[in-house]
Ligand SMILES: *Cc1c(COP(=O)(O)O)cnc(C)c1O
């Protein structure tokens, strides 16, 4: 039996009409041409499809289509943004600021640069997981060149004050990169009003295909990104490689659906999330990680105190969800995001992330409530029975 899906924050299914559109760009009877082929109509047709998609993706964030660079996803976009800025400077001249709650696709490139001599500040969030503009301001030095702060955290759904941080950076002439992988389609984004210099996104987080994303690169800023992939000079030299037409058509079609409006969808998902949240809080001894901060509609990160998250996940096999732990090759580590928010190892191990999306239904939510209620009660009963036996 396929589990009910509560893991939209990790990936989303490709929406039906998006997949259908992609199919028309693959086979011999479709538009399979190379968008870089200038000598025949098959190339021109593919190029037109790529540029239509570029317009849709630019519209998502109120950008100009000439500011969109195709990448393989948000990981590559983050690498291009961070290393692409930093490598334009001598290490000592380029101080980087990021936060402890970023995705590894931001933290790892920053740590990589740090090992090469770039000064790096990693900001701590408050207890609700928010990076304050004051924390950013306090970390700025005369050599700060780039601030990278995510719009929405992938584990908790907590939103950072992006517009305030953008204003601060702009006033000091510092570039501002935003990992917006979890924000697209969940909150309005405007790169001009938030004064964002670089923004990463990934199609598979908004009902498009895996393996395609984009980096927004502001044109009107003293910004000269150092390419990370060379060969052929595609994407104005910033990212070489034959453009994957079908993937780009996919991200464009997914963006077009969102550009038609997502307020109603967000409202519906938010109601479902709150139905789930209220029922789980009823269980008692439950806290919502990031619960007091502004959050996007679909995320719910719950700590069931006194219950082991791994055991709970095994007890609700009818649900596909994530734990507050990450399996490394060696062991199960508590989530570094929850730890940075001040949770104990035990509380992090007792946390689960449930994330809802476009295809979540009230019936799914009610099944989840039933399963989690049963599992939590039974795990708590056996835990207290064990404790009685021991004493
Ligand atoms: C999913 C995600 C990424 C990675 O995106 P890919 O396209 O899978 O490489 C980066 N940052 C955040 C916040 C994410 O949620």
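In the UniProt record's numbering, the protein residues as written are 1 to 391.
C-beta: ideal position from N, C-alpha, C; glycine also.
Every value quoted in this text rests on a predicted model; they were computed, and no experiment measured them.
Alpha-carbon to alpha-carbon, residue j and residue i
| i | j | result |
| --- | --- | --- |
| residue 288 | residue 45 | 50 Å |
| residue 277 | residue 356 | 12 Å |
| residue 53 | residue 305 | 46 Å |
| residue 374 | residue 89 | 57 Å |
| residue 377 | residue 147 | 45 Å |
| residue 50 | residue 268 | 32 Å |
| residue 29 | residue 231 | 29 Å |
| residue 98 | residue 40 | 46 Å |
| residue 320 | residue 359 | 14 Å |
| residue 117 | residue 109 | 13 Å |
| residue 344 | residue 279 | 24 Å |
| residue 185 | residue 322 | 21 Å |
| residue 87 | residue 77 | 15 Å |
| residue 273 | residue 366 | 11 Å |
| residue 119 | residue 128 | 27 Å |
| residue 27 | residue 212 | 19 Å |
| residue 122 | residue 144 | 13 Å |
| residue 271 | residue 362 | 9 Å |
| residue 167 | residue 161 | 10 Å |
Selection from the options that minimises the alpha carbon distance to residue i
| i | options | result |
| --- | --- | --- |
| residue 159 | 180, 332, 215, 173 | 180 |
| residue 190 | 64, 371, 1 | 64 |
| residue 351 | 342, 382, 308, 359 | 308 |
| residue 56 | 361, 20, 252 | 252 |
| residue 151 | 141, 9, 163 | 163 |
| residue 208 | 320, 282, 21 | 21 |
| residue 187 | 263, 167, 218 | 263 |
| residue 92 | 142, 165, 238 | 142 |
| residue 214 | 203, 220, 124, 313 | 203 |
| residue 62 | 198, 312, 284, 192 | 192 |
| residue 379 | 316, 178, 112, 210 | 316 |
| residue 353 | 363, 368, 362 | 368 |
Beta-bridge pairing of residue i - partner residues as DSSP gives them
| i | result |
| --- | --- |
| residue 201 | 214 |
| residue 5 | 320 |
| residue 96 | 120, 146 |
| residue 398 | A query on residue 398 cannot be resolved here, the shown segment of the chain reaching from 1 to 391 and no further. |
| residue 68 | 216 |
| residue 288 | 302 |
| residue 274 | Answer by DSSP bridge pairing: none, since residue 274 is not bridged. |
| residue 262 | DSSP, once it has assigned bridges, lists no residue as partnering residue 262. |
| residue 176 | 147 |
| residue 159 | 152 |
| residue 236 | Beta-bridge pairing links residue 236 to no other residue. |
| residue 388 | Bridge partners of residue 388: none, in fact. |
| residue 295 | 158 |
Requested in this report: State whether the region 332-351 contacts the region 155-166, with contact taken as three or more CB pairs (one from each stretch) at a distance under 8 Å.
Outcome: yes
Query raised in the report: Counting Cβ pairs closer than 8 Å, one from the region 166-186 and one from the region 33-51, do we hit at least three?
Result: no
Query raised in the report: Just checking, does the region 250-257 make contact with the region 15-30 on the three C-beta pairs under 8 Å criterion?
Result: yes
Query raised in the report: Counting pairs of Cβ atoms below 8 Å between the region 231-242 and the region 101-108, do you hit three or more?
Result: no
**Report entry** Sufficient close CB pairs (3 or more, under 8 Å) joining the region 133-145 to the region 293-302
**Finding:** no
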